[in-house]
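Under our numbering, think of the first position of the sequence shown as 164, with each following residue one higher. A short worksheet on the structure shown next.
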Amino acid sequence: MRSYKKFRLYPSKVVETELNIQLELCQWTYNKLLEELNKAKDEGKKLKRYDTQKLLVKLKEDKPELKNVYSKTLQMVNQQLWNNIHTLAGRKRKGYKIGKLRFKSYDHFKSIFYNQSGFIIGNKKIILSKVGKVEAEFHREIKGNVKGIIISKRAGKWYACIQVENPHQEKNQIKVKPNTSEKAVGIDVGVTHFLADSNYRFVENPRFLQKTADKIALIQRQLARKKKGSNRRNKIKLRLNKAYEHLQNQRKDFAHKLSTEYVKNYGFIAVENLNIQGMARNHHLSKSIYDAAWSLFISYLSYKAESAGRILVKVNPKDTTQTCSVCEEKNIEHLDLSVKIFKCPYCKIEIDRDINAARNIIIKALFGREPASMLVENRPLLHKLKQVSSLKREAPCVSLE
Ligand SMILES: [Zn+2]
Numbered sequence: 164m165r166s167y168k169k170f171r172l173y174p175s176k177v178v179e180t181e182l183n184i185q186l187e188l189c190q191w192t193y194n195k196l197l198e199e200l201n202k203a204k205d206e207g208k209k210l211k212r213y214d215t216q217k218l219l220v221k222l223k224e225d226k227p228e229l230k231n232v233y234s235k236t237l238q239m240v241n242q243q244l245w246n247n248i249h250t251l252a253g254r255k256r257k258g259y260k261i262g263k264l265r266f267k268s269y270d271h272f273k274s275i276f277y278n279q280s281g282f283i284i285g286n287k288k289i290i291l292s293k294v295g296k297v298e299a300e301f302h303r304e305i306k307g308n309v310k311g312i313i314i315s316k317r318a319g320k321w322y323a324c325i326q327v328e329n330p331h332q333e334k335n336q337i338k339v340k341p342n343t344s345e346k347a348v349g350i351d352v353g354v355t356h357f358l359a360d361s362n363y364r365f366v367e368n369p370r371f372l373q374k375t376a377d378k379i380a381l382i383q384r385q386l387a388r389k390k391k392g393s394n395r396r397n398k399i400k401l402r403l404n405k406a407y408e409h410l411q412n413q414r415k416d417f418a419h420k421l422s423t424e425y426v427k428n429y430g431f432i433a434v435e436n437l438n439i440q441g442m443a444r445n446h447h448l449s450k451s452i453y454d455a456a457w458s459l460f461i462s463y464l465s466y467k468a469e470s471a472g473r474i475l476v477k478v479n480p481k482d483t484t485q486t487c488s489v490c491e492e493k494n495i496e497h498l499d500l501s502v503k504i505f506k507c508p509y510c511k512i513e514i515d516r517d518i519n520a521a522r523n524i525i526i527k528a529l530f531g532r533e534p535a536s537m538l539v540e541n542r543p544l545l546h547k548l549k550q551v552s553s554l555k556r557e558a559p560c561v562s563l564e
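The structure is reproduced here in structure tokens:
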């Protein structure tokens, strides 16, 4: 999605003189290109956009002052000319009576285009190539990627129209499901499953990831047997790179789908503040492929939640596995990874280990360490959630340590 934001400029006398010279040179170029176009037409030749663009080189030789204009700005003059030609042709097609494209007088030429490059936006100023520093009044924050700037003069005042593109908004704007803003979920990313959530849902480790990982291991073994520098080895190396790329794409795809789903369905999402790097070093957990998929999942979740106005809370994972999510007592016994069921020695509940962790994560995020019964009874949860929501709306991503 592209948007335009207009800001007032306050050029110094010197810079203003320079801007006026630039406008004049752009106007001259516009008229000159149009003249050449008309001349060619009279001679029975048809010039295209590319031909007039090439003409710019010749014009610079004939008129060395043109070198004082940023080269892409001159290319944009050519672009302007062709846009006008197409607009005119469009009107003709619609049946309007149209004349020839007119030459532009200085009064009618008001804009200097900077597209993609040739400018830097700084604090209270814009630096323009071949012009210099111009003071600017940014009354609004500029978010996203700046694609271009149009400098224009209106009634003796100067303005910068800044064109901004927001790629996330364009591609990944998520339509949240209605009546889900008060729904909360805790997510535990794990080893046995890809994740488990506090609503008793398991998402298994995707088998296609394992399949690609197995393939990579196989290619690696083949590679080890080949002589260094041999043709065969190079071919296998290429295959290996392709397999890695495939794995990366699969991971991204999977993480995108899953994170979108959670943002669509829940207004409040809690995850562990995981040190994935630390986990990868842990021998038991050295499933690096899943580690990478988790970090992708969490990072997608963060930016999607923010852009959809959802709340994402990252909690300290300390004791989330050891604590009973029903009676809140901490189990001092060390839970080995092979233990799949959490058995509470106090309240005697038996619950899946990862679901228990996910429940503790949402309890931590919502209530600190208030009694878990709050979570079972619906109304206080919603009430609390409302409070949390209104508190956190300003900062959608907060860390509760
Ligand atoms: Zn218990």
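In this text, a Cβ means the ideal position worked out from N, Cα and C, and glycines have one as well. Everything numeric in this text was worked out from a predicted model, so none of it was measured.
{"Item": "Burial state of T250, where buried means 16 or more other Cβ atoms lie within 10 Å", "Value": "exposed"}
{"Item": "Nearest neighbour of E345, chosen from Y429, R254, I461, K235 [CA to CA]", "Value": "Y429"}
{"Item": "Collapsed DSSP secondary structure at Y277 in the structure displayed", "Value": "strand"}
{"Item": "Beta carbon of Q185 nearer than 7 Å to that of I275", "Value": "yes"}
{"Item": "Bridge partners - R171, DSSP secondary structure assignment", "Value": "E300, Y322"}
{"Item": "Coarse secondary structure for I512, derived from DSSP in three states", "Value": "coil"}
{"Item": "Inter-residue Cα distance where the pair is L229 and K316", "Value": "20 Å"}
{"Item": "Helix, strand or coil at K391 according to DSSP, with G and I counted as helix", "Value": "coil"}
{"Item": "Contact test: E469 Cβ vs ligand 1 heavy atom, cutoff 6 Å", "Value": "no"}
{"Item": "Member of C507, F431, G349 whose CA lies at the smallest distance from the CA of N362", "Value": "G349"}
{"Item": "Contacts around C510, its chain only, beta-carbon distance under 6 Å, and the 5 residues preceding and following it disregarded", "Value": "V489, C490"}
{"Item": "Backbone secondary structure at K211 - three-state DSSP", "Value": "coil"}
{"Item": "7 Å Cβ cutoff met for R414 and L358", "Value": "no"}
{"Item": "Whole-angstrom C-beta distance between I524 and V478, which should lie under 8 Å", "Value": "6 Å"}
{"Item": "Residue range of the unbroken alpha helix (DSSP H) whose run includes R254", "Value": "234–256"}
{"Item": "Alpha carbon of G253 to alpha carbon of F266, nearest angstrom", "Value": "19 Å"}
{"Item": "Bounding residues of the alpha helix (DSSP H) (the contiguous stretch that carries K176)", "Value": "176–205"}
{"Item": "Through-space distance from W457 to K400, alpha-carbon basis", "Value": "27 Å"}
{"Item": "Close beta carbons around V240, own chain, < 8 Å, minus the five adjacent residues each side", "Value": "C189, T192, Y193, L196, F276"}
{"Item": "Cutoff 6 Å; reference Q283; Cβ partners in own chain excluding five residues on either side", "Value": "Per the sequence shown, the amino acid found at residue 283 is Ile instead of Gln. Around I283: I290."}
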